[in-house]
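The structure appears right after this line, and notes come after that.
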Amino acid sequence: MSDVKSKKSQADQFRKEQKYESALPIYQELWQEDIEIKNPWIGWGYAFCLEKTNKIYSAIEISNEVKILKNDLQVNNDLLLRNLNRAISEFYYVKSITDEKKFLRTAEIVVSNYSQGNAYSIYNKIVMKVMEYYKKNNRYLEVLNWSNKLEAEKLSDKPGINSNPNVKLTEYASEKETYLRYKIEALYEEGHYENCLALAEYFFNQIHKYHYNNDFHVKRDVAQCHIAMGNVQLGINQLKELLLKKREYYLQTDIAKIYYNMGDLEEVVKFTLDAALNFGDHDKKVNLYLLMAKSFLELNKMDESKIHTEFVYQIRMNEGWNIDNELLSLLSLHNIDRSKKGDLKQIERNIKQLWEKLKASSQVVLTGTITKILPEGNKGFIKADNGKSYFFYKKDFKAKHLVLEVNIRVSFWLQESFDQKKNQSSEIAINIKAIS
Numbered sequence: 001m002s003d004v005k006s007k008k009s010q011a012d013q014f015r016k017e018q019k020y021e022s023a024l025p026i027y028q029e030l031w032q033e034d035i036e037i038k039n040p041w042i043g044w045g046y047a048f049c050l051e052k053t054n055k056i057y058s059a060i061e062i063s064n065e066v067k068i069l070k071n072d073l074q075v076n077n078d079l080l081l082r083n084l085n086r087a088i089s090e091f092y093y094v095k096s097i098t099d100e101k102k103f104l105r106t107a108e109i110v111v112s113n114y115s116q117g118n119a120y121s122i123y124n125k126i127v128m129k130v131m132e133y134y135k136k137n138n139r140y141l142e143v144l145n146w147s148n149k150l151e152a153e154k155l156s157d158k159p160g161i162n163s164n165p166n167v168k169l170t171e172y173a174s175e176k177e178t179y180l181r182y183k184i185e186a187l188y189e190e191g192h193y194e195n196c197l198a199l200a201e202y203f204f205n206q207i208h209k210y211h212y213n214n215d216f217h218v219k220r221d222v223a224q225c226h227i228a229m230g231n232v233q234l235g236i237n238q239l240k241e242l243l244l245k246k247r248e249y250y251l252q253t254d255i256a257k258i259y260y261n262m263g264d265l266e267e268v269v270k271f272t273l274d275a276a277l278n279f280g281d282h283d284k285k286v287n288l289y290l291l292m293a294k295s296f297l298e299l300n301k302m303d304e305s306k307i308h309t310e311f312v313y314q315i316r317m318n319e320g321w322n323i324d325n326e327l328l329s330l331l332s333l334h335n336i337d338r339s340k341k342g343d344l345k346q347i348e349r350n351i352k353q354l355w356e357k358l359k360a361s362s363q364v365v366l367t368g369t370i371t372k373i374l375p376e377g378n379k380g381f382i383k384a385d386n387g388k389s390y391f392f393y394k395k396d397f398k399a400k401h402l403v404l405e406v407n408i409r410v411s412f413w414l415q416e417s418f419d420q421k422k423n424q425s426s427e428i429a430i431n432i433k434a435i436s
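Just so you know, the working numbering puts 166 at position 166 of the sequence shown, and the rest follows in order with no gaps.
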C-alpha cells in the first residue's frame, strides 16, 4: 500500500509540474493493477494526463471508467464532458467517418452517461450523427434503433444558422426536420410502410420550412410506400407529380421500375431513356442501365440489350465492383468477351448516340434562338421559331465547346414541367444543340 501511495505521489507531482509524459506510465501502472477497489483520483489523474498529451479517446475511456466508479467526482465529470465535446466536434464536421469503432464507442459512452437535452446538446448531436452515418451506409435498421434514443416532440424545430464569419450566412435544417427525414426513409427501407406514412404526415404537420429538398424526399418515400402497399396507381401519380417539379433521373428510374414490374415495357423504355439522358454520374446509374438491358432483351432488341449489358459490365469493372449472377447471365447470353477490358469512353459515346436516336424517334424537334441568359448563368430562355418562349437549364445545353450566350441558334425538344412561380404545368426546352 505504501508503494502505491509513493507512486501516486510521484505521478501527482509530475502532473502538477506539467510533466505529463512522465506521469502517464505511473498512472497507467497504478490504474491497471488488479485490485478490488480502485482509487478514482488515480483514474482522474491518468485521464487528465492523457488529455494533456492529446490522447483524447483514451482519456474518454479512462474518465468513463472513473465515472462508473464514482459518479459524483465533478472534476472527472467535467473532464469527460470536455473531451466528449472535442471528439464529437471532430466527427460532426467531417463528411465521412474513417474510424467506425472509435466513433460508435464515443456515441455509446455519451448515451450511457447523458440523456436527451436542449437543442444541439451533446446527446442530441451524437445520436443524430450516428443516424446520419448509418443512413449513408444504407444500414436502415440501425438508423431506426438509434432513432429510438430520441423523442421527436422534444427536438427543436427552429432552423440553425451558420455563424462562421468566413461563410455566407446560411440557414440549415432543424434537429426535428433532420431527425424525421432520416427516420421516415429508414421506415420505408425496412418495410414499415404504415408507420412511414404516419410519420410523414407528422412531418408535414410539424415542419413548415424545408431544407435540402427534405419535403421532396419525404414525398418520394410516401409514394413508394403506397406502391409497396398495392396502391400502385396512386404511387405512380405522386411520383409523376414530383417529376414535374424536379426532373431527377432517380425519379424517372423509380417510375420505370414500377412499369417494368407491371410488364409495360414501352413505358419502361420511355422513362429509362429520359433518365439515361438526364444529368447524373454513370456509376450512380448502373442499375438503370441494367434495367434497360433487361427491357430491351424482353422487347427482343438484342443489339440494344447487348450494348447496355457491356456498358454495365465495364462500369462495374472500372469501379472494382463484383459481377452478380444476373449480369453474368446477360454477359453469357450476348457472348460478351470478359477477358478483354473494353474502352469505356467509346462505349459511352456509342450508347449516348443510341439514346438520342431512340429518343428523337418519338420527339418533335423544334428550332429557335437563345434570347436571354439569367444573371446566375445556369438558365435562360429560348424563343422558338413558332413564336413561343421556353425556359431551359444550362445542363441541357449539349454544345459543351460553346459559351452559352444569347443569339445562338439551337434545336431542342420539349419536356413537360411545372412552373412553381405560376403554380401550373409548363414545358421546358431540353436536349439543346447549337445549329448553324
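Just so you know, even glycine gets a beta-carbon here, dropped at the ideal spot from N, CA and C.
Check                                                                                                                      : Outcome
Run of the beta strand (DSSP E) containing Leu402, from where it starts to where it stops                                  : Here Leu402 belongs to no beta strand (DSSP E), and DSSP marks it neither H nor E.
Minimum C-alpha distance to Leu331 - residue among Gly342, Tyr313 and Asp343                                               : Tyr313
DSSP three-state assignment for Trp413, whether helix, strand or coil                                                      : strand
Stretch pair the stretch 116-132 + the stretch 178-198: three plus CB contacts closer than 8 Å                             : yes
Identity of the residue in Asp72, Phe392 and Tyr260 nearest Lys383 by Cα                                                   : Phe392
Closest Cα partner of Asn278 within the set Lys395, Val218 and Ala186                                                      : Lys395
Spatial distance of Tyr75 from Lys67 (CA atoms)                                                                            : Here the sequence assigns Val to residue 75, which means Tyr is not the residue at that position. Computed Cα separation, rounded: 10 Å.
Where the beta strand (DSSP E) through Glu248 begins and ends                                                              : Glu248 -> no beta strand (DSSP E), and no H or E assigned at all.
Val364 versus Phe412, Asn205, Ala399 and Ser329, residue with shortest Cα-Cα distance                                      : Phe412
Residue from Leu273, Ala107 and Gln346 whose Cα sits closest to the Cα of Ser361                                           : Leu273
Ordered list of alpha helix (DSSP H) runs contained in the stretch 40-100, each at least 4 residues                        : 40-52, 56-69 and 74-92
Nearest-angstrom beta carbon gap, Leu251 and Ser417 [assumed within contact, 8 Å]                                          : Not a contact, Cβ separation roughly 13 Å.
Cα-Cα separation between Arg139 and Glu241, rounded to whole angstroms                                                     : 29 Å
Nonlocal neighbours in the same chain, by C-beta distance under 6 Å from His282, ignoring five residues either side        : Ile315
Residues near Arg86 in its chain [Cβ-Cβ closer than 8 Å; skip 5 each side]                                                 : Ile56
Own chain residues within Cβ distance below 7 Å of Ile373, not counting five before or after                               : Gly380, Leu404, Glu405 and Val406
Nearest neighbour of Gly368, chosen from Leu358, Gln353, Lys357 and Gly387 [CA to CA]                                      : Gly387
Residue of Glu132, Asn162, Gln353 and Val286 minimising C-alpha distance to Trp321                                         : Val286
Backbone CA spacing between Ser439 and Glu153 [nearest angstrom]                                                           : With the chain running from 1 to 436 in the structure shown, residue 439 is simply not present.
Beta carbon of Asn83 nearer than 7 Å to that of Ala59                                                                      : yes
DSSP-derived helix/strand/coil call for Gly235                                                                             : helix
Unbroken beta strand (DSSP E) run spanning Phe381, endpoints                                                               : Lys379 to Ala384
Proximity winner among Lys183, Glu189 and His192, relative to Asn214 (alpha-carbon distances)                              : Lys183
Neighbourhood of Glu201 by C-beta, 7 Å cutoff - its chain only, sequence neighbours within 5 removed                       : none
Within 7 Å, strictly: CB atoms of Ala276 and Thr253                                                                        : no
Met229 versus Gln346: straight-line alpha-carbon distance, rounded                                                         : 43 Å
Boundaries (first-last residue) of the alpha helix (DSSP H) holding Ile184                                                 : Glu175 to Glu189
Lys341 versus Val143: straight-line alpha-carbon distance, rounded                                                         : 39 Å
Cβ-based neighbour list, Trp31, same chain, cut-off 6 Å, excluding 5 preceding and 5 following                             : Ile42, Gly43 and Tyr46
Glu51 burial status per 10 Å Cβ neighbour count (16 or more: buried)                                                       : buried
Proximity below 7 Å, CB of Leu299 to CB of Leu265                                                                          : yes
Cut-off 7 Å between Cβ atoms - residues of its own chain near Lys398, not counting five sequence neighbours on either side : Asn431, Ile432 and Lys433
Beta-carbon proximity check, Ser174 vs Lys149, cutoff 7 Å                                                                  : no
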